[in-house]
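Protein sequences appear in the order of chains B and U. Using my numbering, the first residue of the first sequence is number 1, and each one after it goes up by one. Using my numbering, the first residue of the second sequence is number 1001, and each one after it goes up by one. One structure is given below, encoded as structure tokens.
2 protein chains.
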Amino acid sequence: MSSNPHAAVVGAGLVGCLAACMLESRGWSVDIYEAREDFRIPSNLPTRARSINLAFSARGIEAIRSIDSDMVDRLLQQVIPMKGRMIHSPEGGLNSQPYGLDGERINSIDRNLLNQSLLKEASKRSNINIHFCHQLVRADFDERSLYFRNSKNQEEVHVKADLTIGADGSYSKVREQIMRRSRVDFSQEYIDDLYLELSIPPGKDEVTGEPTFALDPHHLHIWPRHSFMLIALPNQDKSFTCTLFAPFTGVFDQLEPPKSPQEEKKIIQFFETHFPDALGIMDQSELIRCFQENPRGSLLTIKCTPYHYKDKALILGDAAHSMVPFYGKSSQGMNCGLEDVRKLSQLLDNRSLSLEEVLEKYSSTRHQDLVAICDLAMGNYIEMRDKVTRIDYVMRKALDGFLAKSWFLRGKWLPLYTMVTFRPDLNYSEVVKREDRQSKIIKWMFRLTTTSMLLGLVFTPRYWSRLSKMLRD
Amino acid sequence: MSSNPHAAVVGAGLVGCLAACMLESRGWSVDIYEAREDFRIPSNLPTRARSINLAFSARGIEAIRSIDSDMVDRLLQQVIPMKGRMIHSPEGGLNSQPYGLDGERINSIDRNLLNQSLLKEASKRSNINIHFCHQLVRADFDERSLYFRNSKNQEEVHVKADLTIGADGSYSKVREQIMRRSRVDFSQEYIDDLYLELSIPPGKDEVTGEPTFALDPHHLHIWPRHSFMLIALPNQDKSFTCTLFAPFTGVFDQLEPPKSPQEEKKIIQFFETHFPDALGIMDQSELIRCFQENPRGSLLTIKCTPYHYKDKALILGDAAHSMVPFYGKSSQGMNCGLEDVRKLSQLLDNRSLSLEEVLEKYSSTRHQDLVAICDLAMGNYIEMRDKVTRIDYVMRKALDGFLAKSWFLRGKWLPLYTMVTFRPDLNYSEVVKREDRQSKIIKWMFRLTTTSMLLGLVFTPRYWSRLSKMLRD
């Protein structure tokens, strides 16, 4: 690397801002190019983007801490911690399921708030310049050239960069430009479900009249209904942001944007049937407005490999891996994207590697983890929608908790959710391997227990020696 | 459909030309837009594209016959029939393996010759207009608008079309434009191997001095060498077009475009070691020139679904499904692409369906067949490179031949290659199902025979009754 290298980061989202800070800390001069207007100015935010919020958890926190520990402290002042899921039954029953073994939390935060904060952190740094309204049109990485269109004056802007970081989301233009130049395996797969953002307004304290949370704010609320579900995350203004995930056929095709009082009634009836307690705390006219105006979003999985082009370009975050948003809402995608930056940073620590070797190594080592989390997110989609209410799932969860807290397995036995969400020291692919092993042990224990009971041999020394040997391996 | 509908076909390749003829026969007016210059004029052909040839077989022939039976007769006058594979061992030994049960052939033809012929057939038709040097820039299908750049004068051309047919190859722009508008599952996956086109010149008759074929022209010649292979197909001028398929690592990285006599020697030595009989009939300076000038091509599988957008656009051929070229060289991709047109034509026969219903039905019914052939092509890649020399493969082939020709299974038992290549009446997905069943029966026969022999029970009535019952089902 020559002295004072220069990077262009395409996209001023969460991952782009963190990548810029990380490179700047390492002596790079960085320009961030963002297609949107300056979203630190509230009036520039599109209305519909205001409400989306995220579950910010250990991998994201650890990634930011590794680059700037003060920054992460400032960000954590803006979150609402959630210690578990609250499952709402159709009859209005509640069931709290803690996320962690020792009260670990995930943190609800407005996506725009988090993005604004990260952008402010980036703009404080002396060697980072931010350019809004710059849409990437094409790139010639070999010539170190990027061409943007300035949406304010429609002029084409030509810039030079030693390294381009593509943090420009699922429909990444940087990825497209890499794919034109080199052999990239790529897949995108939509799931049948769509999502729609709704909201629950703050309630009113009966005594003081102050706004209060209408639901327990320290839970991520879930209304699982097999083929569809509603979730709610708390906001600092004491409202909740809700998301309805449902297939088009059977749900959204029956609940099209209402144009008549009859169609509006149909939506209210749908909520009365399936989410009566949520409906009770919603503002019905706001609910109708959401169905009329908010878009039905698509959900897809994107995988690709490799992530880089020579020593010239690299994609991070959603540009490299889009996952369905079912590890604590859209959060694991974001937490994983931030972790991409930490992993890249760790490889840059190795001064004996050239930049091209760093990028090659990033592509080759990160891929198995990104495939693992994309697949886990798809698996958790099924879990949240359906399995959380099933007896075998609840029993497995209880057994996981018991084993994880038992004195002889403490720190060795880890529930899947804990590993994914609270253990940034474990790579996602390692998580999958450990979980596979744990599942096998449970199956084996179950079989052995059943057999032993049948033979009247429970608690024989042989059972315990085999079990403890297996657990120690 | 309104009277006199108008279609734009993007791409004047084999599939585009046939699709245009098919629609014209049904009363459409058709414009074909092709990015290249008019390739009916030989000087417009890029040098390196001259030599590529294809194995034109029953599915392609049947597809063209279904649209114009005279056309197929004219095309078949230009081919060289090949009745089998000729396997060349490293020691120069030859082994002929017939393709069909009853002398069926596949047909070697120069890709450009076939394309020119199809283009001439299309241009004869009164309601087809062909526009060269027109590159699709973008489309607005809902407005029925397509925007091309004319590469002669750089002007943008705006045209209208009720239906756009994208027959624009693996890197299809029509597909990209459909993917921008609707949810398309898509994957592309490269294999490690690259390919390089080489050639074998005509020999000379010892008596008359006339040019002759240097190898038997009625075979597709294969030099399988486990991790790499060479193949050769005959041309009408009595030369052969060869293709070397090999991984980058271990072969092509050792055989870079030669820049010194030493590097040239390395290539000759590689051929001396692995393909001595082929080297003996090659022109060594031409071989070196090929290694210096011909590109190393990439090979990939592309799958996507759906293939259409409303009643506005449809992709066919490589744009919809790219497969590795290992069913009789790049042929099955081409034969399958031509079959796409026949399948679409059959659906258009059903007058009770609207155009949108036809395209929906095409997408939903054709997908399983296209996935099946992409997967079969990948499987045959392994077979041609490696398995053709193995004893179990040769035994299975012999057994297939025996069963297929036996009086009690005639027409019922069909070898996989026969079904894929010679039976356009069987859909690819049906082919896979039948082959799975046949493999199971063979495994069962093998196991039963072994067991029976062990028990001294061979030829008991029970064996034969079970076997014949199973075969009759």
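Where a beta carbon is used, it is the ideal one built from N, C-alpha and C, also for glycine.
- The beta carbons of His-131/B and Glu-256/B sit no closer together than 8 Å.
- Asn-1053/U is a Cβ neighbour of Ile-1109/U, given a cutoff of 8 Å.
- Per the coordinates, the alpha-carbon of Thr-273/B lies some 8 Å from the alpha-carbon of Pro-90/B.
- Between the region 64-72 of chain B and the region 178-185 of chain B there are fewer than three inter-stretch CB-CB distances shorter than 8 Å, so the stretches are not counted as touching.
- Taking 8 Å as the cut-off, the Cβ atoms of Tyr-1327/U and Leu-1376/U count as close.
- Arg-1225/U sits in a strand when the DSSP states are folded into three classes.
- Around Arg-1289/U, no beta-carbon contact reaches into chain B at under 8 Å, the shortest distance being about 26 Å.
- Interface residue (Cβ-Cβ distance to chain U less than 8 Å): Phe-186/B is classified as such.
- A contact is defined here as three or more CB-CB pairs under 8 Å, and the region 303-323 of chain B meets this definition with respect to the region 149-165 of chain B.
- As computed with DSSP, Pro-234/B is found in a beta bridge with Phe-240/B.
- In this structure, Ile-441/B is the residue among Ala-63/B, Ile-441/B, Arg-447/B with its C-alpha nearest to the C-alpha of Lys-469/B.
- Every unbroken stretch of the alpha helix (DSSP H) spanning 4 or more residues and falling wholly within the region 1035-1102 of chain U is given here in chain order: 1058-1067, 1069-1076.
- Ranked by Cα distance from Asn-107/B, the options Gln-154/B, Ser-145/B, Pro-217/B, Pro-42/B are led by Pro-217/B.
- Between the region 201-218 of chain B and the region 350-369 of chain B, the count of C-beta pairs closer than 8 Å stays below three; the two stretches do not touch.
- Nearest neighbour of Met-1022/U by Cα position, chosen from Ser-1345/U, Ile-1302/U, Gly-1379/U, turns out to be Ser-1345/U.
- In the three-state DSSP reduction, Cys-304/B falls in the strand class (E or B).
- Closer than 8 Å to the CB of Ser-1298/U there is at least one CB belonging to chain B.
- Glu-1206/U carries a coil assignment under DSSP once its states are collapsed to helix, strand and coil.
- Taking all protein chains in view, the Cβ of Glu-1293/U is surrounded by fewer than 16 other Cβ atoms within 10 Å, so the residue is classified as exposed.
- Counting of Cβ neighbours within 10 angstroms places Gln-1116/U among the buried residues, the total reaching 16 or more.
- For Asn-115/B, the enclosing alpha helix (DSSP H) has its first and last residue at 111-124.
- Residue pairing by DSSP places Pro-1211/U opposite Lys-1204/U in a beta bridge.
- Within the region 258-329 of chain B, the runs of alpha helix (DSSP H) that reach at least 4 residues and sit entirely inside it are, in chain order, 261-274, 276-281, 284-293.
- Here Phe-56/B is not near Ser-239/B, since their CB atoms are 8 Å or more apart.
- Judged by DSSP secondary structure, Gly-1166/U falls within the beta strand (DSSP E) whose first and last residues are 1163-1166.
- Against chain U, the CB of Glu-189/B has a partner CB under 8 Å away; the residue lies at that interface.
- The beta carbon of Arg-183/B falls within 8 Å of a beta carbon belonging to chain U, placing the residue at that interface.
- As DSSP reads the structure, His-218/B sits in no beta bridge.
- For Lys-1433/U, the closest C-alpha among the options Trp-1444/U, Val-1420/U, Met-1445/U is that of Val-1420/U.
- Note that the C-beta distance between Glu-1339/U and Ala-1063/U is below 8 Å.
- The C-beta of Ala-7/B has 16 or more other C-beta atoms within 10 Å across all chains shown, which makes the residue buried.
- Under the DSSP assignment, Asn-1150/U falls in the beta strand (DSSP E) whose first and last residues are 1145-1150.
- For the set Ser-285/B, Lys-343/B, Leu-370/B, the Cα lying nearest the Cα of His-321/B is the one of Leu-370/B.
- In the same chain as Thr-365/B, and ignoring 5 residues on each side of it, no C-beta atom comes closer than 6 Å to its own.
- Ala-404/B sits in a helix when the DSSP states are folded into three classes.
- With distances taken between CA atoms, Gly-1060/U lies nearest to Lys-1343/U out of Lys-1343/U, Leu-1399/U, Glu-1435/U.
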